[in-house]
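A.B. asks:
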Amino acid sequence: MSTIGKNKPTRVYRNKKPREANILLTSTSAVINHSQRSSLMPLTFGLACCAIEMIATAGPRFDLSRFGWEAYRATPRQSDLMIVAGTITNKMGTVVKKLYDQMAEPKWVIAMGACATCGGIFQTYSVVPGAHHLIPVDVYIPGCPPRPEALIHGFMTLQMKIDQKRNFGVAPVDVEPGFRGPTRKEPF
Amino acid sequence: MTVNWNRQNFSGEDPEQHPAVVALRKNAGTPLVGVGIFRGEVTAVLSPEHSIEALTLLRDDPGLVFDMLADVTAVHWPQREGAEFDVIYHLYSLSNKMRFRVKVPLAEGQEIRSVVGVWTTAGWLEREVFDMFGIHFAGHPDQRRILNPEGFDGHPLRKEFPVQGRVRW
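As structure tokens, then:
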């Protein structure tokens, strides 16, 4: 017996091959967010010992390239993510601000480690107590220094934030609902 | 274990036996205020009027040849009336393998002559002392801050300076 007649395509696609019939419905906002969050280009910006963990994260053991963020750029003009990895001294603070201003929109900032979050153990005249005194910060990662897994988690948290970004004043539809809790309506 | 850096020329017992102290005592133009020893390291205390002459002598004496200025630093003694600062020179002789320390007490606001003409490396070292202590070096070619940013308020290594700074974030 033949089963061809039972699996007959619907009328619209009767004359097309099955591969051509595949259609994905989504919103423009979701596509933009998905593109932006899936190919973040971080700025190579190690300020202190956190940079060692950041380097380890990009290395083969923790393998940041699994997620598509491994293309570290050595210039702010080609990057859209600044990882403030380390202690920001007063003198370095002007450089942090200058580099952030040189990055093209859209751009995000991860404050990695205790120093970039609040100054850490350096509660002194020479250290800026947190990157948020200079530039807007999207994700804070605690730790001194944070392990590579923590940095990867920070990346994924940033991805969740980008996924909920409103484009053209429109919120994206439910993209990857597993990322968000069922009751959460507002972005982070 | 205490390393006797002066082992070739100095027994490590009596500071007056150190060849640098002997040479300074022999020269009438460089009167010593005091001499001390700690763990085999000899220190000579000089007045700011004679510091340049003494340091030039230590560099040029053929038996000493302190050709390397290892460090210039300072200490703040706010309770010491009339001599609130010590400017300290750490010298090293590459050929004789000797170390020697010279302290110059200064009053608050008193200038000291720069030793850039004796050792060129003093340029940055004296800028650091100026930055952290506010001690002015007369004759320095480029007297400005080196560690703290331009426009920084105060001199952090003075005892009255608050550790967390004066900027309220």
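Chains as they are written, first to last, in the working numbering: chain A, -9 to 178; chain B, -7 to 161. Note that CB positions come from ideal geometry on N, CA and C, so glycine has one too.
What is the DSSP secondary structure of A:N157, reduced to helix, strand or coil?
C.D. replies: Strand.
A.B. asks: Identify the continuous beta strand (DSSP E) that holds A:M44 and give its terminal residues.
C.D. replies: A:M44 -> not in any beta strand (DSSP E); alpha helix (DSSP H) instead, spanning C40 to A48.
A.B. asks: Three or more C-beta pairs under 8 Å: does that hold for the segment 147 to 161 of chain B against the segment 86 to 100 of chain B?
C.D. replies: They do not touch, by the three-pair rule.
A.B. asks: Taking buried to mean at least 16 other C-beta atoms within 10 Å of its own C-beta, is A:G103 buried or exposed?
C.D. replies: Buried, by the Cβ-count rule.
A.B. asks: Could you pull the start and end residues of the beta strand (DSSP E) that A:A101 belongs to?
C.D. replies: W98 to M102 is the extent of the beta strand (DSSP E) around A:A101.
A.B. asks: Between the segment 101 to 117 of chain A and chain B, which residues of the former have a C-beta closer than 8 Å to a C-beta of the latter?
C.D. replies: Against chain B - using a Cβ distance shorter than 8 Å - the residues of the segment 101 to 117 of chain A are Q113, T114, Y115 and S116.
A.B. asks: Give me the Cα-Cα distance between A:M44 and A:L141, rounded to the nearest whole angstrom.
C.D. replies: Those two C-alpha atoms are separated by around 7 Å.
A.B. asks: Going by alpha carbons, who is nearest to A:K88 out of A:G76, A:M72 and A:I100?
C.D. replies: Checked all of A:G76, A:M72 and A:I100; the closest Cα to A:K88 is A:M72.
A.B. asks: Would B:P70 and B:K18 be called neighbours here (beta carbons separated by less than 9 Å)?
C.D. replies: Going by C-beta atoms, B:P70 is not nearer than 9 Å to B:K18.
A.B. asks: What are the residues of the segment 143 to 161 of chain A that lie near chain B, defined by any Cβ-Cβ distance shorter than 8 Å?
C.D. replies: The segment 143 to 161 of chain A vs chain B, Cβ under 8 Å: nothing.
A.B. asks: Kindly indicate if chain A contains any beta-carbon less than 9 Å away from that of B:G157.
C.D. replies: Closer than 9 Å: yes.
A.B. asks: Identify, in the order they occur along the chain, each residue of the same chain with its Cβ nearer than 8 Å to the Cβ of A:M93, setting aside the five sequence neighbours on each side.
C.D. replies: Cβ within range, chain order: L33, P66, R67, S69, D70 and M72.
A.B. asks: Give the straight-line distance between the Cα atoms of B:I80 and B:S87, rounded to the nearest whole angstrom.
C.D. replies: Taking the straight line from one Cα to the other gives about 22 Å.
A.B. asks: In whole angstroms, what separates the C-alpha of A:I152 from that of A:F145?
C.D. replies: Roughly 10 Å between the two C-alpha positions.
A.B. asks: Using a C-beta to C-beta distance shorter than 8 Å, which residues of chain B count as neighbours of A:K88?
C.D. replies: Within chain B, no residue comes near A:K88; the closest Cβ sits about 13 Å away, beyond 8 Å.
A.B. asks: Against chain B, with Cβ distances strictly below 9 Å, would A:T47 count as a contact?
C.D. replies: For A:T47, the answer is no, since every Cβ of chain B falls outside 9 Å of its Cβ.
A.B. asks: Check the Cβ of B:W116 against every Cβ in chain A and list those closer than 7 Å, keeping chain order.
C.D. replies: Result: empty, since nearest Cβ-Cβ is about 15 Å, beyond 7 Å.
A.B. asks: Please state if the CB of A:V86 and the CB of A:I131 are separated by a distance shorter than 9 Å.
C.D. replies: No, Cβ-Cβ distance for A:I131 and A:V86 is not below 9 Å.
A.B. asks: Is the shortest distance between the beta-carbon of A:T84 and the beta-carbons of chain B less than 9 Å?
C.D. replies: Yes, A:T84 lies at the interface with chain B (some Cβ there is under 9 Å from its Cβ).
A.B. asks: Closer than 8 Å by beta-carbon distance: list the chain B residues that pair up with A:K97, in chain order.
C.D. replies: By Cβ distance, chain B contributes nothing, its closest Cβ being about 23 Å from A:K97, past 8 Å.
A.B. asks: Rounded to whole angstroms, what's the CA-CA distance from B:A12 to B:V64? Just pull it up for me.
C.D. replies: Roughly 18 Å separates the two Cα atoms.
A.B. asks: Consider the Cβ of B:L83: report whether some Cβ of chain A lies at a distance smaller than 9 Å.
C.D. replies: Chain A, which has no Cβ nearer than 9 Å to the Cβ of B:L83, makes this no.
A.B. asks: What are the residues in the segment 16 to 40 of chain B lying within 9 Å of chain A by C-beta distance?
C.D. replies: Of all residues in the segment 16 to 40 of chain B, none has a Cβ within less than 9 Å of some Cβ in chain A.
A.B. asks: Taking any Cβ of chain B, which residues in the segment 126 to 137 of chain A have a Cβ under 7 Å from it, in chain order?
C.D. replies: Listed in sequence order: no entries.
A.B. asks: Where does the unbroken beta strand (DSSP E) through A:Y62 begin, and where does it stop?
C.D. replies: Per DSSP, A:Y62 belongs to no beta strand (DSSP E) and is neither H nor E.
A.B. asks: Find out if the Cβ-Cβ distance for the pair A:Q54, A:L148 is shorter than 9 Å.
C.D. replies: Gln is not the amino acid found at residue 54 of chain A; the sequence shown has Leu there. Contact: no.
A.B. asks: Do B:L16 and B:L61 have their beta-carbon atoms positioned less than 9 Å apart in this structure?
C.D. replies: Not in contact: B:L61 and B:L16 (Cβ atoms no closer than 9 Å).
A.B. asks: Is B:E8 helix, strand or coil when you go by DSSP?
C.D. replies: Residue state, collapsed to three classes: helix.
A.B. asks: Going along chain B, which residues have a C-beta under 9 Å from A:N80?
C.D. replies: Ordered by position in chain B, the residues that pass the 9 Å Cβ test against A:N80 are N140, P141, F144, G157 and V159.
A.B. asks: State yes or no: is the beta carbon of B:F58 nearer than 9 Å to at least one beta carbon in chain A?
C.D. replies: No, because no Cβ of chain A sits closer than 9 Å to the Cβ of B:F58.
A.B. asks: DSSP state of B:V(-5), grouped into three classes?
C.D. replies: Any reading at B:V(-5) needs caution, since the residue's pLDDT is 49, under 50, leaving its predicted position unreliable; the model's value is listed next. Of the three classes helix, strand and coil, the one that applies to B:V(-5) here is coil, per DSSP.
A.B. asks: Just reading off the alpha helix (DSSP H) that B:E120 is part of, what are its end residues?
C.D. replies: From DSSP, the alpha helix (DSSP H) with B:E120 extends over A114 to F125.
A.B. asks: Would you mind reading off the limits of the alpha helix (DSSP H) that contains A:H24?
C.D. replies: A:H24 -> alpha helix (DSSP H) spans T18 to S28.
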